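Asker: This structure is in structure tokens; I'll ask about it shortly.
Number of protein chains: 2
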Amino acid sequence: MERKERTRRAILDAALSLGEESSLGAVSLRQVAKEVGIVPTAFYRHFDSIEDLGLALVDESFVSLRAMLRAIRRSDGTIPTFTEIVDRSVVTLEEHVHRHRGHFRFIARERAAGPPAVKARIHHEIQLCERELATDIARLPGTDHWSAEDLHVLSGLIVTAMVATAEAIVDAGGRPEAEKRVSDVARTQLRMVLIGALSWKSQP
Amino acid sequence: MERKERTRRAILDAALSLGEESSLGAVSLRQVAKEVGIVPTAFYRHFDSIEDLGLALVDESFVSLRAMLRAIRRSDGTIPTFTEIVDRSVVTLEEHVHRHRGHFRFIARERAAGPPAVKARIHHEIQLCERELATDIARLPGTDHWSAEDLHVLSGLIVTAMVATAEAIVDAGGRPEAEKRVSDVARTQLRMVLIGALSWKSQP
DNA sequence: CAGTTGGGTGAACAGACGTACACCGAAAAG
DNA sequence: CTTTTCGGTGTACGTCTGTTCACCCAACTG
Chain A
344 MERKERTRRA ILDAALSLGE ESSLGAVSLR QVAKEVGIVP TAFYRHFDSI
394 EDLGLALVDE SFVSLRAMLR AIRRSDGTIP TFTEIVDRSV VTLEEHVHRH
444 RGHFRFIARE RAAGPPAVKA RIHHEIQLCE RELATDIARL PGTDHWSAED
494 LHVLSGLIVT AMVATAEAIV DAGGRPEAEK RVSDVARTQL RMVLIGALSW
544 KSQP
Chain B
344 MERKERTRRA ILDAALSLGE ESSLGAVSLR QVAKEVGIVP TAFYRHFDSI
394 EDLGLALVDE SFVSLRAMLR AIRRSDGTIP TFTEIVDRSV VTLEEHVHRH
444 RGHFRFIARE RAAGPPAVKA RIHHEIQLCE RELATDIARL PGTDHWSAED
494 LHVLSGLIVT AMVATAEAIV DAGGRPEAEK RVSDVARTQL RMVLIGALSW
544 KSQP
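Top line first, the protein sequences correspond to chains A and B.
Quick note: this note's numbering has the first sequence finishing at residue 547, numbered continuously throughout.
Quick note: this note's numbering has the second sequence finishing at residue 547, numbered continuously throughout.
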């Protein structure tokens, strides 16, 4: 019973590590099986197809991403300054991408090049992130009279920037000075956006 | 002599249309050849490999993108308001993505999932866009005392948002109401960023 | 007009691919 | 202790892949 779970994990990990080189659509069932150390047909005991495997990986990736977002949110109590929010967010993202490089690389690739079903699932999950961020922003001081659309547009912009930052960190390939440059840029960009948000609608 | 050029074009077009479904790494030389109507071996008369084909497509795509950027810039003479700049930029981008959907789809896919050499070329071209935008912003009123880094950080943010917008337009798949929603969001986001830029460093 | 270049052909190869099938052996269920 | 379940095995198939080679014929060159 637990052997199945172990093999399933091995398949997921193998797919992630093979995905370092090429996109999921180009990964073959046989490659995965060889990497895991099982015969090709045994693959079907766990997944219907490579696409099915991809969907499982998306779910897994976003579980860890959501954990990260919760960690950022778990900083209430004191009213933080904008700088604190920005710094904490970027630091958390950086650390998390570091720890789950494989998952983030997978999401970055498949978001643009995966099978349609996988792309759709990723798109949907990212939209959920945007919505959650929007409700968070709504709780911040100074956004009282914002419209719901403007809130969502702003959170969309921030999420876009964070996704791009995560991709840049992955591309930095672990070289510390490159990662530092990326996160410094991200910090500045977030501050610029938040400053813009502060003067929004106050002087329309 | 002109037959070679015609076939070459046909190969480029075939690669683009096949790239609608899957990423370049998953497109086979034989598929392309069949689509063009030539025998597989004839492919080698024009390109060394699929990756070589990809590099040619990147160049071609950015030629048209640069034409677009020049078109946006070709609006000097009168000092435009920020709203005018934003509207003109978004409209131009929308129209251009519409006209070159295949190229933009290709860039979006290969930027994240292409062969390393193709990814590198795309990354380099996008950085060139960022630099050009930075010099444009520097000419705008109100950015006199910005540092070079801040200028580049801002243009990076804007380019990121525009790339995401282009991808969203491509994903809209030509449905007019979806495209309109995307471009409205893009307009608002650009305005937010520019408003932030205006209060940047003026009150540090 | 004869000669050379070069884009396109067709057959052939060795290997990788997805998938179907019959089978095995350990663990869970009775 | 027997039976059933089920993850993993091995073989086999037809198809598609990249790349090679010898060949052909239209179009430029002299």
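Cβ coordinates follow ideal geometry from the N, Cα and C atoms, glycine included.
Quick caveat: nothing in here was measured; it's all calculated off a predicted structure.
#1: Give the straight-line distance between the Cα atoms of residue 402/A and residue 384/B, rounded to the nearest whole angstrom.
#2: Does DSSP classify residue 384/B as helix, strand or coil?
#3: Buried or exposed: residue 477/A, going by 16 or more other Cβ atoms within 10 Å of its Cβ?
#4: Of all Cβ atoms in chain A, is any one closer than 7 Å to the Cβ of residue 361/B?
#5: Rank 533/B, 538/B and 543/B by C-alpha distance to the C-alpha of residue 432/B and give the top, closest one.
#6: For residue 367/B, which residues in the same chain have their Cβ closer than 6 Å to its Cβ, ignoring the five residues on either side in sequence?
#7: Starting from the Cα of residue 608/B, find the closest Cα among 423/B, 426/B and 415/B and give me that residue.
#8: Pull up the distance between the alpha-carbon of residue 360/A and that of residue 540/B, whole angstroms please.
#9: Kindly indicate if chain B contains any beta-carbon less than 7 Å away from that of residue 369/A.
#10: If you draw a straight line from the alpha carbon of residue 350/B to that of residue 410/B, how long is it in whole angstroms?
#11: Between residue 463/A and residue 500/B, how many whole angstroms is the CB-CB distance? I'm expecting something under 8 Å.
#12: Please list the segments of the alpha helix (DSSP H) lying wholly inside the stretch 385-456 of chain A, counting only runs of 4 or more residues, in order along the chain.
#13: Report the option in 535/B, 497/B, 354/B and 527/B whose CA atom is closest to the CA atom of residue 388/B.
#14: Would you report the Cα separation of residue 346/B and residue 374/B, rounded to the nearest angstrom?
#15: 7 Å is my cut-off, CB to CB: does residue 533/A come that close to chain B?
#16: Looking only at its chain, what residues have a beta carbon closer than 6 Å to the beta carbon of residue 448/A, apart from the 5 residues adjacent to it on each side?
#17: Please list the terminal residues of the continuous alpha helix (DSSP H) segment that includes residue 498/A.
#18: Counting along the chain, where does the alpha helix (DSSP H) carrying residue 479/B start and finish?
#19: Would you report the Cα separation of residue 425/A and residue 526/B, rounded to the nearest angstrom?
Answerer: Taking the coordinates as given:
#1: One C-alpha to the other measures close to 43 Å.
#2: Of the three classes helix, strand and coil, the one that applies to residue 384/B here is helix, per DSSP.
#3: When all chains shown are included, residue 477/A counts as buried.
#4: Chain A contact via Cβ: absent.
#5: Residue 533/B is the option with its Cα nearest to residue 432/B.
#6: 397, 453 and 457, listed in sequence order.
#7: Because chain B here runs from 344 to 547, residue 608/B falls outside it and cannot be looked at.
#8: Rounded to whole angstroms, residue 360/A to residue 540/B spans 41 Å at the Cα level.
#9: Interface flag for residue 369/A against chain B is set, since a Cβ pair is found closer than 7 Å.
#10: When rounded, the distance between both Cα atoms is 25 Å.
#11: The pair is not a contact, with the Cβ atoms about 27 Å apart (cut-off 8 Å).
#12: Listed in chain order, the alpha helix (DSSP H) elements of length 4 or more contained wholly in the stretch 385-456 of chain A are 393-416, 425-442 and 444-456.
#13: Closest by alpha carbon: 354/B.
#14: Those two C-alpha atoms are separated by around 21 Å.
#15: Output row for residue 533/A: interface = no.
#16: Annotation for residue 448/A: 513 place their beta carbon closer than 6 Å to its own, counting only its chain and skipping 5 residues before and after.
#17: It spans 491-515 - the alpha helix (DSSP H) in which residue 498/A sits, taken as one unbroken run.
#18: Looking at the DSSP string, the run of the alpha helix (DSSP H) that includes residue 479/B is 459-482.
#19: Looking at the two C-alpha atoms, the distance is approximately 29 Å.
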